[in-house]
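Below: the structure, in structure tokens.
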Amino acid sequence: MTSQQGISRQSTLQQVTRPGPRGPFLTDAFPVIRRPDAGAVLIGEWDAGSPEGQRALVDGVARQWGETPPPEGLLSRVLFTGTDGRSILGYGQWTRHAAHQEFVRGAGESGPRERVSAVLDGVGDDGDAGPGRFRLYRSLLAEDAPGAVGCVIRVAFRTTGHEAARRLVDGLMEMFGGRQSGEGAFGSHFHISEDGRQVINYSEWTSAEAHQRVIDSALQSGGAVMGFIAGLEGVEPLGFKRFVGPRGLVRA
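What follows is the structure, given as structure tokens:
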């Protein structure tokens, strides 16, 4: 069974509760990253300051999402809470960037986008002025799905442009032979920002503990992987964070 088949099987266990413009949505499910109809990705990160802030923000945004019909072209919009007790990761998929832009242009001052923005008002963006526009570039996949996804690892890099971003991802793909390694790993999905100045690795694991075991054994400073990254011109690693508890909608 492939990684994405395992994710799809896990997602079908979620409750299908809401119809959308083109079919039902699953609630509080992990998104299927390599779905073929996803032409555009939005990734954002916020610092809520505390576990209480995390819960309030995620609950508030999820409530606003639940009160409005999913827009045309939306495939998923999910928030995750960081295991650090303060971070929030947002991951959204659309059929194309133009579909998201049309939704933004069509939202009035009292529309769903503005109400979500009101919930986020006063919460600091982690690094930028809102979700960035990305495309999925390549993925490392585990040979066998280990069960159900339980944790997402966000690994970020600053890059000087598309050439440096592709050099980073292509080199890692070659190093690992296109296969995700590590017990408890599903896959690592490398997204490149529209301007080529950021790479986000959205990595799926059974648990935070499984990821930590691989960090301790294979991803230490001075090892082959970290040495390769350190030797790349135009690439700056920005570290990783772990996220759990998806809240949102995923098109079935």
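Numbering (our numbering), first residue to last: 14 to 265. Glycine included, each C-beta is placed from N, C-alpha and C at the ideal position. Remember, predicted model here, so these are calculated numbers, not experimental data.
Whose C-alpha, out of Thr96, Gly103 and Ser201, is nearest the C-alpha of Leu154?
-> Ser201
Outcome for Val117 when other beta-carbon atoms lying within 10 angstroms are tallied against a minimum of 16 | exposed
Based on Cα-Cα distance, which residue from Leu181, Val227 and Val168 lies nearest to Gly197?
-> Val227
Report the residue from Asp41, Leu251 and Phe199 whose alpha carbon sits nearest the alpha carbon of Arg210.
-> Leu251
Return the first residue and the last residue of the beta strand (DSSP E) that Glu222 is part of.
-> First-last for Glu222: Ala221 to Ala231, but that is the alpha helix (DSSP H), not the beta strand (DSSP E).
Closest Cα partner of Ala178 within the set Asn214, Pro259 and Arg260 = Asn214
Residue-chain proximity (Thr172, chain C), Cβ-Cβ < 7 Å | Protein chain content of the structure displayed is limited to a single chain, and chain C is not contained in it.
Enumerate in chain order the residues of its own chain whose CB-to-CB distance from Gly52 is below 6 Å, with the five nearest sequence positions on each side excluded.
-> Thr108 and Arg109
C-alpha distance - Phe203 paired with Ala161, whole-angstrom precision = 20 Å
Just how far apart, CA to CA, sit Ser206 and Leu102?
-> 16 Å
Excluding sequence positions up to five away, which residues of its chain have a Cβ less than 7 Å from the Cβ of Ile166?
-> Ser216, Trp218, His224, Phe253 and Arg255
Alpha carbon to alpha carbon, what distance is there between Pro259 and Gly98?
-> 15 Å
Rounded straight-line distance, which links the Cα of Leu55 to that of Thr81 | 19 Å
What three-state label does DSSP hand Arg179 in the structure shown?
-> helix
Is it buried or exposed for Gly261, if we count other Cβ within 10 angstroms and need 16 for buried?
-> buried
Alpha carbon to alpha carbon, how far is Ala237 from Gly73? Give it in angstroms, no decimals.
-> 43 Å
Could you name the residues of the same chain whose beta carbon sits closer than 7 Å to that of Val71, not counting the 5 residues immediately before and after it, in chain order?
-> Leu92, Thr94, Ile101 and Arg260
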